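Chains A and B are the protein sequences, given in the same order. Under this note's numbering, think of the first position of the first sequence as 1, with each following residue one higher. Under this note's numbering, think of the first position of the second sequence as 362, with each following residue one higher. All C-beta atoms in this analysis are idealised placements derived from N, C-alpha and C, irrespective of residue type, glycine included. Quick caveat, the model's predicted, so the values are computed rather than measured. Okay, structure first, notes after.
Number of protein chains: 2
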Amino acid sequence: MENNFYYTKNYGILNFESVNMLKKRTTLKDIAEKLGISVATVSRALKDHPEISQRIKDHVALLVESMHYRPNSFAVHLKNQHSNMIGVIIPKIVHFHSSTILSGIIAKAQELNYQVLICESGKDAESERINTTALINTGIDGLLVSLSNNNFSEDFFGELHAEGFPMVFFDKVPTTISSHKVLTNDYTGAFLATEHLIKNNYQKIAHFKGQKGARNTQPRFNGYLAALEKYKLHYEPKFVIECEKCTEEEGFNVTMATMQQDERPDALFCVNDEMAIGALSALRKLNIEVPSQVGVVGFSDLTAGKYITPSLTTIAQSGIEIGHKAAELLIKEIHNKLKNDNVFQQHIIEPILIIRDSSSR
Amino acid sequence: MENNFYYTKNYGILNFESVNMLKKRTTLKDIAEKLGISVATVSRALKDHPEISQRIKDHVALLVESMHYRPNSFAVHLKNQHSNMIGVIIPKIVHFHSSTILSGIIAKAQELNYQVLICESGKDAESERINTTALINTGIDGLLVSLSNNNFSEDFFGELHAEGFPMVFFDKVPTTISSHKVLTNDYTGAFLATEHLIKNNYQKIAHFKGQKGARNTQPRFNGYLAALEKYKLHYEPKFVIECEKCTEEEGFNVTMATMQQDERPDALFCVNDEMAIGALSALRKLNIEVPSQVGVVGFSDLTAGKYITPSLTTIAQSGIEIGHKAAELLIKEIHNKLKNDNVFQQHIIEPILIIRDSSSR
DNA sequence: ATCGTTTACGTAAACGATTACGGTGGAAAA
DNA sequence: TTTTCCACCGTAATCGTTTACGTAAACGAT
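Next comes the structure, spelled out in structure tokens:
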């Protein structure tokens with residue numbers, strides 16, 4: 001008796017068995033005994049099986065109500081081999097765009113009768129692996145993944161995907177895995193932003209480019225280039241600054257440096273709103289007026305951009321839509337697992353331009 | 362054969378059985394057969410049971426690795442009668458404070474080996490009930506609840522709590538249920554805010570009070586009153602405006618109205634940052650300078666408040682801490698269910714004053 | 001050689017729900 | 001009266017794990 005709990009190393013010294021002594025949940029057996037019929041009949045009555053008489057169905061329905069019967073989902077799942085739960089791995093929840101996507105996922109999942117398990121991975125590949133394993137161990141039917149900016153986990157997710165586990169990547173999607181993906185069109189977003197600046201008569205448009213590893217750096221850069229080309233503006237490499245952390249602070253610093261050169265740009269297209277906000281305060285400090293002297297556009301529509309002075313022109317992505325689509329695709333994938341036709345969908349959500357004060361002169 | 366799927370009304374016409382034909386997951390039985398031993402022995406070997414020889418443990422460990430064995434959590438849960446999952450009901454995810462709390466919950470849960478299921482209830486009592494039922498049906502061990510502002514669901518949650526289901530309320534907590542609660546101290550928050558205004562030499566401090574139904578209206582109002590009293594300022598009822606939706610728009614409107622009266626306040630303590638932001642734009646429109654002529658303080662530290670001009674003094678609540686505490690309490694409660702001593706804890710997280718430009722002269 | 005004691009494993013009954021298959025009783029048909 | 005046929009329900013196996021209990025072999029002690 002001394003060490004009866006050798007096996008509980010995962011849960012500490014607990015005794016869950018005792019919990020049941022407080023209150024046993026009603027089971028099919030309880031109802032069956034009360035009615036003097038078999039468990040099978042009760043089960044079928046509940047499912048409106050055609051070979052069960054209406055009389056019994058009525059009696060069962062009554063007892064289900066009065067005894068507060070709730071099917072034991074573990075038993076059901078064990079029998080049916082699926083759980084109606086999906087998992088979500090996301091780097092950071094506390095972020096307007098992320099939480100909006102989450103909200104979209106949850107709404108769609110609820111609509112389709114699925115529950116959502118959420119893990120936050122941080123920027124850490126190790127954490128991505130641990131969380132994924134934990135989620136799969138709890139028995140999810142499929143997984144939604146937004147990757148962190150490190151590249152170390154792509155192989156891991158690639159293997160999982162290759163094994164046939166239903167997955168959909170969203171927002172930050174992998175480049176090396178051929179799979180379902182839902183993401184915003186960074187290219188057109190950047191194009192719209194740059195085009196907007198050009199149409200407002202800015203000529204020398206700088207681009208604060210994202211980190212080398214980051215997944216939206218290149219498409220946004222390409223969109224920027226495409227706009228320059230379309231309107232026959234000269235592409236000036238020294239106006240493209242590759243950033244490292246893309247924080248507000250770096251936006252400030254980079255702007256300070258860029259604006260104190262001999263030849264300086266008259267507009268800044270920043271890879272995200274954080275940098276744009278930093279840029280705005282640098283410009284304020286340098287007494288450069290926005291938008292008359294210099295125009296600024298960000299990307300992703302942080303709430304703060306609406307309130308800052310001058311308010312920030314930016315690119316808005318519909319997180320709700322991303323969430324909806326991702327959840328919908330995943331659940332479809334779960335249901336279609338058998339006809340594994342290997343045709344993967346890429347849903348590209350088109351972003352829109354939000355014009356505010358920082359860019360229109 | 363024609364209508365073989367009469368029972369699938371919840372899932373549509375699906376055939377999950379076929380899924381298994383693609384790939385059967387390794388079970389204890391598979392390992393047992395391969396080694397020519399019993400399932401029980403494999404199970405015990407996995408748990409490092411003392412009565413199993415090291416030789417077998419080694420063999421099992423090898424096969425577990427090579428056959429990619431993962432315990433079927435449904436079977437485990439069914440046997441053990443607990444799932445290591447907790448549920449969260451929250452009115453709105455896309456909100457800085459909410460998502461921060463969520464992040465705290467998820468982090469603590471992960472630390473304690475629990476998974477988190479999240480539902481968004483909106484402002485709707487019906488949705489709260491549906492989501493709760495769904496969560497319980499999927500087999501969570503306990504529930505974290507932040508209530509919406511309607512009062513129709515308190516009874517529902519009260520019953521559930523009375524039945525002995527492990528629950529902890531957080532952030533927006535009920536008044537009529539005696540239970541574990543984790544919340545910020547709205548009273549001291551409001552007191553700090555008002556005191557700060559007083560110390561900065563504002564004399565006629567108005568309060569934009571929250572909705573009548575809202576759960577933090579009264580404590581914040583009380584904190585406001587207490588500060589006035591402590592510093593022997595006259596309480597002027599007409600300077601307390603009861604608001605209805607507490608939006609930015611209402612903040613704007615109420616400020617316009619208040620500031621165009623004969624006797625007008627020289628400071629505004631708003632029940633939340635949204636209203637304070639609305640107030641700031643109204644004051645700007647009225648050409649009333651902040652903070653020299655009028656001081657403004659908000660509540661809850663929205664990100665926008667940092668960037669608006671003038672930047673907004675506010676009260677910050679540690680969402681992470683709320684999340685941590687709530688998850689910790691709930692999981693403790695789950696583990697202690699047997700010694701049901703009916704002693705409920707109230708964790709009051711103390712908020713802090715964030716001083717910015719809108720209030721110091 | 002006989003009798004405990006260990007050591008090391010197997011047997012089988014759970015957990016709660018599902019469902020193929022096998023009955024039963026009674027009415028209708030022969 | 002006997003046969004046939006439904007309508008209706010029960011039996012039992014199954015999903016994958018856990019664990020109380022049983023048991024065989026090995027060992028030392030007498």
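{"Query": "Where do the ends of the beta strand (DSSP E) carrying E67 of chain A lie?", "Result": "Before going on, a small fix: residue 67 of chain A reads as Met here, not Glu. Taken as a continuous stretch (DSSP letters only), M67 of chain A belongs to no beta strand (DSSP E), as it is neither H nor E."}
{"Query": "Counting pairs of beta carbons, one from the region 147-161 of chain A and one from the region 66-85 of chain A, are three or more of them closer than 8 Å?", "Result": "no"}
{"Query": "Count the CB pairs spanning the region 460-477 of chain B and the region 418-432 of chain B that are closer than 8 Å, and state whether there are at least three.", "Result": "no"}
{"Query": "Please say whether H557 of chain B and I716 of chain B have beta carbons closer to each other than 9 Å?", "Result": "yes"}
{"Query": "Is the Cβ-Cβ distance between T499 of chain B and R431 of chain B less than 9 Å?", "Result": "no"}
{"Query": "In chain A, which residues lie with their C-beta within 9 Å of the C-beta of E481 of chain B?", "Result": "L102, S103, I106, A107, Q110"}
{"Query": "Specify the secondary structure class of Q678 of chain B as computed by DSSP and reduced to three states.", "Result": "coil"}
{"Query": "DSSP state of G87 of chain A, grouped into three classes?", "Result": "strand"}
{"Query": "Give the secondary structure of T545 of chain B by DSSP, where H, G and I count as helix, E and B as strand, and everything else as coil.", "Result": "strand"}
{"Query": "Just the C-alpha distance for T258 of chain A and R264 of chain A, rounded to the nearest angstrom, thanks.", "Result": "7 Å"}
{"Query": "Can you tell me whether A40 of chain A is buried or exposed? The criterion is at least 16 other CB atoms within 10 Å of its CB, across all chains shown.", "Result": "exposed"}
{"Query": "Using a Cβ cut-off of 8 Å, pull out every chain B residue sitting near I277 of chain A, in sequence order please.", "Result": "Y668"}
{"Query": "Can N216 of chain A and K172 of chain A be called in contact, C-beta distance under 9 Å?", "Result": "yes"}
{"Query": "Taking Cβ-Cβ distances shorter than 9 Å, what residues in chain B pair up with I93 of chain A?", "Result": "I454, S460, T461, L463, S464, I467"}
{"Query": "For T314 of chain A, is the classification buried or exposed, using 16 other Cβ atoms within 10 angstroms of its Cβ as the cut-off for buried?", "Result": "buried"}
{"Query": "Under DSSP, the alpha helix (DSSP H) around Q442 of chain B begins and ends at which residues?", "Result": "Where Q442 of chain B is concerned, there is no enclosing alpha helix (DSSP H), given that its DSSP letter is neither H nor E."}
{"Query": "Have a look at F552 of chain B and A588 of chain B and give me their C-alpha separation to the nearest angstrom.", "Result": "5 Å"}
{"Query": "Return the residue from the list A:M256, A:Q81, A:N113 that minimises the CA-CA distance to S281 of chain A.", "Result": "A:M256"}
{"Query": "Taking its Cβ as the centre, do 16 or more other Cβ atoms sit within 10 Å of P598 of chain B, making it buried, or is it exposed?", "Result": "exposed"}
{"Query": "Anything in chain B within Cβ reach of V116 of chain A, meaning under 7 Å, just list it in chain order.", "Result": "L478, I479"}
{"Query": "By the 8 Å beta-carbon criterion, what residues does the region 493-518 of chain B contribute toward chain A?", "Result": "A495, L496, I497, N498, T499, G500"}
{"Query": "Step through the CB atoms of chain B and report whether any lies within less than 9 Å of the CB of P351 of chain A.", "Result": "no"}
{"Query": "Classify F517 of chain B as helix, strand or coil using the three-state DSSP reduction.", "Result": "helix"}
{"Query": "Does L383 of chain B come within less than 9 Å of chain A when only Cβ atoms are used?", "Result": "With a pLDDT of 44 at L383 of chain B, under the threshold of 50, the modelled position of that residue is not reliable, and the figure given next carries that caveat. At least one chain A Cβ lies under 9 Å of L383 of chain B."}
{"Query": "Here's a check: name, in chain order, each residue in its chain whose Cβ is nearer than 6 Å to the Cβ of A554 of chain B, leaving out the five neighbours to either side.", "Result": "F630, V658, I676"}
{"Query": "Whether or not the region 322-332 of chain A and the region 103-117 of chain A are in contact is what I'm after, with contact meaning three or more pairs of Cβ atoms, one per stretch, closer than 8 Å; do they touch?", "Result": "yes"}
{"Query": "Assign N113 of chain A to buried or exposed, taking buried as 16 or more other Cβ atoms, counted over all protein chains shown, within 10 Å of its Cβ.", "Result": "exposed"}
{"Query": "Given that M85 of chain A touches chain B, what residues does it touch there, using C-beta distances under 8 Å?", "Result": "L478, T499"}
{"Query": "Kindly identify the DSSP beta-bridge partner or partners of I709 of chain B.", "Result": "B:L544"}
{"Query": "In this structure, what does DSSP give as the bridge partners for V601 of chain B?", "Result": "B:H568"}
{"Query": "If the cut-off is 9 Å on Cβ atoms, which residues from the region 48-76 of chain A count as contacting chain B, listed in chain order?", "Result": "D48, H49, P50, H68, R70, P71, N72, S73, F74, A75, V76"}
{"Query": "Along chain A, in chain order, which residues have C-beta atoms closer than 7 Å to that of T664 of chain B?", "Result": "T303, A304"}
{"Query": "Output the distance between the C-alpha atoms of I479 of chain B and K332 of chain A, rounded to the nearest integer angstrom.", "Result": "21 Å"}
{"Query": "What in chain B is Cβ-close to L78 of chain A, meaning under 8 Å?", "Result": "N433, F435, A436, L439"}
{"Query": "Roughly how many angstroms separate the alpha carbons of S300 of chain A and N149 of chain A, rounded to a whole number?", "Result": "17 Å"}
{"Query": "Between F705 of chain B and chain A, is there a C-beta pair that is closer than 9 Å?", "Result": "no"}
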